[in-house]
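**Student:** Quick note, the numbering used here runs 881 ahead of the 1-based positions in the sequence shown. By construction, the Cβ of each residue, glycine as well, lies at the ideal position given by its N, Cα and C atoms. As the structure is a computational prediction, the values presented were derived from the model and not from experiment.
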Amino acid sequence: MIKNILIDLDGTLTDPKVGITTSARYGLAKVGHPIPESENIDWIIGPPLKASLAKILNVDPHDVLADQALLGYRERFSVTGLFENHVFEDVAHTLATLKSKGYRLFLATAKPEVYARQILDHFDLLQYFEYPYGSELNGERTNKGELIAYILEQEQLQAEECFMVGDREHDIFGARSNGIETIAVEYGYGSMAELDAAQPKARIQRFADLLNLI
882 MIKNILIDLD GTLTDPKVGI TTSARYGLAK VGHPIPESEN IDWIIGPPLK
932 ASLAKILNVD PHDVLADQAL LGYRERFSVT GLFENHVFED VAHTLATLKS
982 KGYRLFLATA KPEVYARQIL DHFDLLQYFE YPYGSELNGE RTNKGELIAY
1032 ILEQEQLQAE ECFMVGDREH DIFGARSNGI ETIAVEYGYG SMAELDAAQP
1082 KARIQRFADL LNLI
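1. Per DSSP, what kind of secondary structure is K980 in: helix, strand or coil?
2. Per DSSP, Y996 is paired with what?
3. Roughly how many angstroms lie between the CA atoms of G1060 and A1078, to the nearest whole one?
4. Say whether the segment 943-959 touches the segment 902-913, bearing in mind that this needs 3 or more beta-carbon pairs closer than 8 Å, one atom from each stretch.
5. Distance check for F1054 and H868, CA to CA, integer angstroms please.
6. Let me know the secondary structure DSSP gives E1011 once reduced to three states.
7. Note down the Cα distance separating Q949 from R1022, rounded to an integer number of angstroms.
8. Does the separation of the CB atoms of E1027 and E1050 fall below 7 Å?
9. Leaving aside the five residues before and after H1003 along the sequence, list all residues of the same chain whose C-beta is less than 7 Å from its C-beta, in chain order.
10. Quick one: using the 10 Å Cβ neighbour count with 16 as the cut-off for buried, is P993 buried or exposed?
11. Based on the DSSP secondary-structure assignment, which residues constitute the bridge partners of H967?
12. Apart from the five residues just before and just after D1052, which ones in its own chain have a Cβ nearer than 7 Å to its Cβ?
13. Look at the alpha carbon of G1047 and the alpha carbon of F1088, and state the distance between them as a whole number of angstroms.
14. Identify every residue that forms a DSSP beta bridge with A989.
15. Does the count of Cβ pairs from the segment 1011-1018 and the segment 982-998 closer than 8 Å reach three?
16. Quick check on DSSP: helix, strand or coil for G908?
17. With 16 as the cutoff for other CB atoms within 10 Å, does V1066 come out buried or exposed?
What follows is the structure, encoded as structure tokens:
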């Protein structure tokens, strides 16, 4: 019996494309690696950001250049980028309905918790969650599997009583590594091929479709 729902943020509850990609371009330009506007970097939305920036820079994720690009990203994102974002259709209504039915909702995002909390609060969504779990600014818990394990431990949750909802393979693999089934949203930033390969238990076209599955 499902009692707890873990939910991703970027690409699942909100569309953060403008804020994330613009801030990433800003951070990359600050370290001397400007990206032309014609180059699509939407793929960076969802996975741990430092590793994605390192990939663009063609350096190891632990390289100082990746650290500097991430600091540049945060310089812009923490002030402007986190609000260059919009909530997907029916999200607030669906969260309210799930909570009214007795489900406990937990945010589970690789985004730093300090930003995730601000975003949920800005869009008046924080009220629906027991707690907005995210990573630390030092990179701790950016791995989705480690984050979910941390949530289970902190909240004393049973894996078989949980579902994870997200849009990328990282959500699916991270949940599965903790014995949790997943529902993938198809409107986010995971391609159809990515979701086909990851094989979530179910897939939905709209966030509101959750109400028909849980």
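**Tutor:** Here's the rundown:
1. Reduced to three states, the DSSP call for K980 is helix.
2. Paired residues: none, contrary to the question.
3. 18 Å
4. yes
5. Nothing in the structure corresponds to residue 868, since the chain is present only between 882 and 1095.
6. Coil.
7. 20 Å
8. no
9. F964
10. With at least 16 other beta carbons inside 10 angstroms of its own, P993 counts as buried.
11. D896
12. D889, K1025, M1045, T1063
13. 10 Å
14. For A989, the pairing in a beta bridge is given by DSSP as Y1014.
15. yes
16. helix
17. buried
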